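Visitor:
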Amino acid sequence: MVDLTALTPCSGLLPLRKGSVTLSELDPGRITSLMPCGGQGAALSAALERAHGLGFPAPGRVTQTEGATCLWTARDQAFLIGPDPDAALADHAAMTDQSDAWAVVLLAGEDAEDVLARLVPIDLRPAAFPEGSAARTLCQHMTVSINRRAEGLQIMCFRSMARTLAHEIADVMASVAGRRAAG
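Just so we're aligned, residue 46 is where the sequence shown starts under our numbering, counting upward by one.
Given below as structure tokens:
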């Protein structure tokens, strides 16, 4: 009989530390995509508030409570991250389980913005991208979702790109650490 073992998207790749920066894998729990049905955006936000204590996020934003996050991902689209979605949400939105489709990592440390700035075409300085901000962008050739958390920058990419994401970030972490060490 074959013994199958579930592995995380970044199994064997992370955590990494180079200089002042760490890259670690996060376990987000359940990830459910939400797309409000036509004209149901306000009703979906109210249903999210009743069921999970948070509303549907504005573009480029994240809403959060203890144990639940709603992350903007595109026009009229968001991910509910953490809890199983309340069944009442289906009255107002198309929902799909995305839990196994994504790799989720956290880039943290003094030079985290410097590392990611070499890979993405957006301004990640805290003044331009404060805590609670979210962006869908490219990281090299990969589509990613980035949001700023208190502890660092959360990056989500398709599970199939996890190894590439870890490799690209690790290379830049080494470069930034080397520059810092050289003075």
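We put the CB at the ideal spot given by N, CA and C, even for glycine. Predicted model, so just to flag it, every value in this text is computed and none were measured.
Between the stretch 164-176 and the stretch 111-128, are three or more C-beta pairs nearer than 8 Å?
Guide: In short, these stretches do not touch, since the Cβ pair count stays below three.
Visitor: Please report the distance separating the alpha-carbon of Gln-143 from that of Gly-105.
Guide: Stepping through the sequence shown from its first residue, residue 143 is reached at position 98. Stepping through the sequence shown from its first residue, residue 105 is reached at position 60. Roughly 20 Å separates the two Cα atoms.
Visitor: Just to confirm, is the Cβ distance from Ser-190 to Thr-118 under 9 Å?
Guide: Here residue 190 refers to the residue found at position 145 when the sequence shown is read from its first residue. Here residue 118 refers to the residue found at position 73 when the sequence shown is read from its first residue. Yes, the Cβ-Cβ distance between Ser-190 and Thr-118 is below 9 Å.
Visitor: Is Ser-190 helix, strand or coil by DSSP?
Guide: For this step, residue 190 is matched to residue 145 along the sequence shown. Three-state result, Ser-190: strand.
Visitor: When the Cα atoms are used, what is the spatial distance from Ile-126 to Thr-108?
Guide: In the sequence shown, counting from the first residue as 1, residue 126 sits at position 81. In the sequence shown, counting from the first residue as 1, residue 108 sits at position 63. Ile-126 and Thr-108 have their C-alpha atoms some 10 Å from each other.
Visitor: Scan the stretch 126-209 and note each continuous alpha helix (DSSP H) run of 4 residues or more that stays entirely inside, going in chain order.
Guide: 157-162
Visitor: Determine the burial state of Asp-159: buried for a count of at least 16 other Cβ atoms within 10 Å of its Cβ, exposed for fewer.
Guide: If you number the sequence shown from 1, residue 159 lands on position 114. Result: buried.
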